[in-house]
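Novice: Quick one: this structure, given as structure tokens, is what I'll be asking you about.
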């Protein structure tokens, strides 16, 4: 029996609390004679001990934990305690939110039968712990002969001879959003339509044996459809598929299995891929052995339909030429070999390596190990030589009970504990500390790691780092893939806020996989800052998030800031995946440049990120489906410049639907466009399927809906119920509803205090309704400089800040947004402007016009006679001594209030060099035009405003007297 102790798991599961012991015996003295009766009276933390025997009948099948954090265990193990369902139901149904502190231990479960979902155990919306159980001879018409669904932690369990008749997953099925952790489990002789042992799982399998299983269709051992399983130190042997994927079938919607340190041998398929078949998926194979498998096409590996295979440090029989890559990409990495692995006795299932094996010390460097459990499939230390061995068995190794990369015998000289993976409790495994050179018995203060001075590879630095340690990277090009593996660390360049440093500190994946990857459990203490992240083949930065499909629940919450994420690509299919730049990261994404990335489906720039996306430049990204800039992101999207992006199916800028209804504030959404052809709606924003969101203080301008129908150049709303407040929709183009298009029976759009070109008449309502509320205007917003499309349809950015005479200044309302896109405080009462009466002085659009510096103004003449022949009046503005002429925007003429009258001419004194005395601006205004805004005579206060190159304004006021001629 293989020795494995899962101390890390058990420490997490151990929750101290007071408890009682409740006993069950079907034919002897005990508290109860059925398991359900005992559970009914149990309280959280109680333990129910079931005596030896065979338990049948009501109360011993279809057992319900009722959401309780209790332990139900046999007295003497599964050999002596059997739950026989007699073909009348299943043994257990977990469906009340049970978590890891709900334990089921030490039972044999047999003869379970149901029509759908888990012949032996069924988990829905729950994640119990199952330990030391045997599920044998259970069956189901559809889905999961032995176990189905949920997020269970399964330790030391055996699945034998379970049957699924017409769906999937003979031993276990974890489809949809289900996931789980399987440690030291055996799946043997199970049968299913697809996935003889396991189907559709987002789970992690560590040190599991999957052998002798059969699929009528695909995936003799494992079939993953649209899911991302991780297999570590597993042996997958002697499985058969009547169609494709004798050992593993990976197919549809960008399944992304990770296979590391596995032995995949003697599997067979009547179709393609004896060892592994990839159909429209992305598979990563590291440090593994694929040998002795057979199929009609691709004995070891077969890949079709745009699949991507990345293989490194592995022994593949027949080498690269034996891989059958049909319309796919094969990334044949470093360290691959083709040689007899020299197993000790493969005919009898002994896949240990002989001393002559070329697989010894031939796998990836230690710092590419996945997870936090570093024992091989026998429970021996995973590192016994200079490097890792290929396959699931480590040659010449000795037992490592705590799986800490330091064998039990080697713990002795260090004084560390063989049954505690982290003796000093400092967060770094004992074996990793010995590699790093720190003391595993004394808690260390993380000193920081410097790349490349201390470690040549960034990944090595992350592997050796203590929790919360800072890994600092010097400028250079680092050709590698970086994986945080759940560690909360700070990874930064030497100067994250310096553009030159960011440009010079490059992580380049050479077109292979994700440049920087997370496992999905990282929190906000994890930071990536100050890099150029480029040339990713499966996103620039992304979370594998093996516990969920895109967009469900929270995943990685690392902070991603101050980076340039450029020229990355994400291939995916199925209409629900993507993210060329960033994918599936739910933390704060801020102050990044995300540019020139591509996704074959959603989100050329960003997809599936449900945290805060703020103050980024998201430009010139492309998606094959929807959301050239951003797609399917919940949370807060604020302060971003989203320009020049392209949506192949629609949504040039942002795509949202019912499950992804963010709050969008202070964003500039300009110059985005869609494809032509039958689709191509929503040049700026595309809202679909009852999307309910708020869009506040956004400038949505000059976007193009280029489809044959061209609906919604600015915004396309289908069945949505958005609210737009303080926005500007201007200059967008399309055939129908240039600024806003509404369709869908339940669509209802509310617009208030917004500047919409063409007003209410410009909104096209195909179906649904429009609530045209108060405060809307239709007047040229008077931007500083509009962008434009050049002759090649390339977007040239403009400056969409408001000029001093803009009707959008002080024309908005209090919508709860108190900063603008540049971080300026809202509202700012712009000098001389009163566009909204008594309401607070919020501006429309993403930019608040700010006038913070006051000069000294002299208006000439001091008295103005309305009827005199003089045609002009003059303003002399003297600025503070700190101002030089180069600070002033010479293209912006001074503006006089009231009336927002622009000067007809002006001059700056002195000009050119910095002034020795105050800078003065002399402006000339047309008298008649200036007085048109002053209906009454008498003493009148005038305000004159000018503009700095920074975009902020300066101003001053002066009083003059206005008179009329005597009658």
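Residue numbers (my numbering): 519 to 1485.
Every residue, glycine too, gets a C-beta built ideally from N, C-alpha and C.
1. With DSSP as the reference, identify every bridge partner of residue 849, one or two as the case may be.
2. With a threshold of 8 Å, are at least 3 pairs of Cβ atoms found where one atom belongs to the segment 1222-1230 and the other to the segment 1149-1164?
3. How long is the line joining the alpha carbons of residue 1074 and residue 831, rounded to whole angstroms?
4. List the endpoints of the continuous beta strand (DSSP E) containing residue 633.
5. From residue 1324 to residue 1446, what does the alpha carbon distance come to, in whole angstroms?
6. What does the Cβ neighbour count give for residue 1312, buried or exposed, with the cut at 16 atoms within 10 Å?
7. Do the CB positions of residue 1318 and residue 1418 come within less than 8 Å of each other?
8. For residue 845, count neighbouring C-beta atoms within 10 Å of its own C-beta (all shown protein chains included) and say buried if the count is 16 or more, exposed if not.
9. Put residue 707 into one of helix, strand or coil per three-state DSSP.
10. Just to confirm my understanding: we take residue 530, look at its own chain, exclude 5 residues before and 5 after, and list those with CB closer than 8 Å. What are they?
11. Which residue wins for smallest C-alpha separation from residue 910, given the options 727, 737 and 813?
12. Nearest to residue 1340 by CA position, among 683, 1321 and 1368, is which residue?
13. Quick check: the Cα distance between residue 570 and residue 597, rounded to an integer number of angstroms?
14. In or out: residue 1271 buried (at least 16 other Cβ within 10 Å) or exposed?
15. So, using beta-carbon positions, are residue 1494 and residue 1080 closer together than 8 Å?
16. Excluding five sequence neighbours on each side, which residues of the same chain lie with their C-beta closer than 7 Å to the C-beta of residue 594?
17. Quick check on residue 575 - is its C-beta less than 8 Å from some C-beta in chain D?
18. Can residue 1209 and residue 1176 be called in contact, C-beta distance under 8 Å?
19. For the segment 1250-1328, which segments carrying the alpha helix (DSSP H) assignment without a break, of at least 4 residues, lie completely within its bounds, in sequence order?
20. On the three-pair Cβ rule with 8 Å, is the segment 855-875 touching the segment 814-823?
21. In whole angstroms, what is the alpha-carbon distance linking residue 885 and residue 953?
22. For a test of the three-state rule: what should DSSP assign to residue 931, helix, strand or coil?
23. Note the first and the last residue of the continuous alpha helix (DSSP H) segment covering residue 948.
24. Identify the residues that DSSP records as bridge partners of residue 611: which are they?
25. Let me know if residue 644 comes out buried or exposed under the rule of 16 or more other beta-carbons within 10 Å of its beta-carbon.
26. Within a Cβ cutoff of 8 Å, which residues of the same chain sit near residue 971, ignoring the five residues on either side of it in sequence?
27. Does DSSP put residue 616 in a helix, a strand or coil?
28. In the structure shown, what three-state DSSP assignment does residue 989 receive?
29. First and last residue of the beta strand (DSSP E) that includes residue 1445?
30. My output table needs one value for residue 1069: the three-state DSSP class, helix, strand or coil.
31. From the DSSP output, in three-state form, read off residue 1039 for me.
32. Quick check: residue 1443 and residue 1406, are their CB atoms within less than 8 Å of each other?
33. How is residue 1479 classed by DSSP in three states: helix, strand or coil?
34. Does DSSP put residue 864 in a helix, in a strand, or in coil?
35. By Cβ distance, which residues of its chain are closer than 6 Å to residue 1142, with the 5 residues on each side in sequence left out?
36. I think residue 1364 touches residue 1186, with their Cβ atoms under 8 Å apart; what is that distance to the nearest whole Å?
Specialist: Taking the geometry as given:
1. DSSP lists 828 as partners of residue 849.
2. In short, these stretches do not touch, since the Cβ pair count stays below three.
3. Taking the straight line joining both Cα atoms gives about 28 Å.
4. Counting along the chain, residue 633 sits inside the beta strand (DSSP E) bounded by residues 631-634.
5. For residue 1324 and residue 1446, the gap between their C-alpha atoms comes out near 21 Å.
6. Label assigned to residue 1312: exposed.
7. No. Outside cutoff.
8. Exposed: under 16 other Cβ atoms inside 10 Å.
9. The answer is coil: DSSP assigns residue 707 none of H, G, I, E or B.
10. Here residue 530 scores only 42 on pLDDT, less than 50, and its place in the model is too uncertain to base an answer on.
11. Per the Cα distances, 727.
12. Closest option to residue 1340, Cα to Cα, is 1368.
13. For the pair residue 570 and residue 597, the Cα-to-Cα distance works out to about 9 Å.
14. Burial state of residue 1271 is buried, judged by a 10 Å Cβ sphere holding 16 or more other Cβ atoms.
15. No information on residue 1494 is available, as it lies outside the stretch 519 to 1485 that the chain covers here.
16. Sequence-distant partners of residue 594 (beyond 5 residues in either direction) whose C-beta falls short of 7 Å from its own C-beta, in its chain, are 570.
17. The chain labelled as chain D is not found in the depicted structure, where only one protein chain is given.
18. Yes, Cβ-Cβ distance for residue 1209 and residue 1176 is below 8 Å.
19. Here no run is fully enclosed.
20. No: the two stretches stay apart, fewer than three of their Cβ pairs being nearer than 8 Å.
21. In this structure, the alpha-carbon of residue 885 lies about 10 Å from that of residue 953.
22. In this structure, residue 931 counts as helix in the three-state DSSP scheme.
23. Start and end: 948-954.
24. Among the bridge pairs identified by DSSP, residue 611 is matched with 640.
25. In this structure residue 644 is buried. Its beta-carbon is surrounded by 16 or more other beta-carbon atoms within 10 angstroms.
26. Excluding the 5 residues flanking it on each side, residue 971 has same chain C-beta neighbours closer than 8 Å at 992, in chain order.
27. Coil.
28. For residue 989, the three-state secondary structure derived from DSSP is strand.
29. Note, residue 1445: premise wrong, no beta strand (DSSP E); alpha helix (DSSP H) at 1445-1449.
30. Confidence is the limiting factor: at residue 1069 the pLDDT is only 39, short of 50, which leaves the residue's position unreliable, though a coordinate-based value still follows. In this structure, residue 1069 counts as coil in the three-state DSSP scheme.
31. Here residue 1039 sits in coil by DSSP.
32. Result no, Cβ atoms of residue 1443 and residue 1406 do not sit closer than 8 Å.
33. Reduced to three states, the DSSP call for residue 1479 is strand.
34. If DSSP states are grouped into helix, strand and coil, residue 864 belongs with the helices.
35. Excluding positions up to five away in sequence, the list reads 1118, 1119 and 1166.
36. That pair is a contact at about 5 Å.
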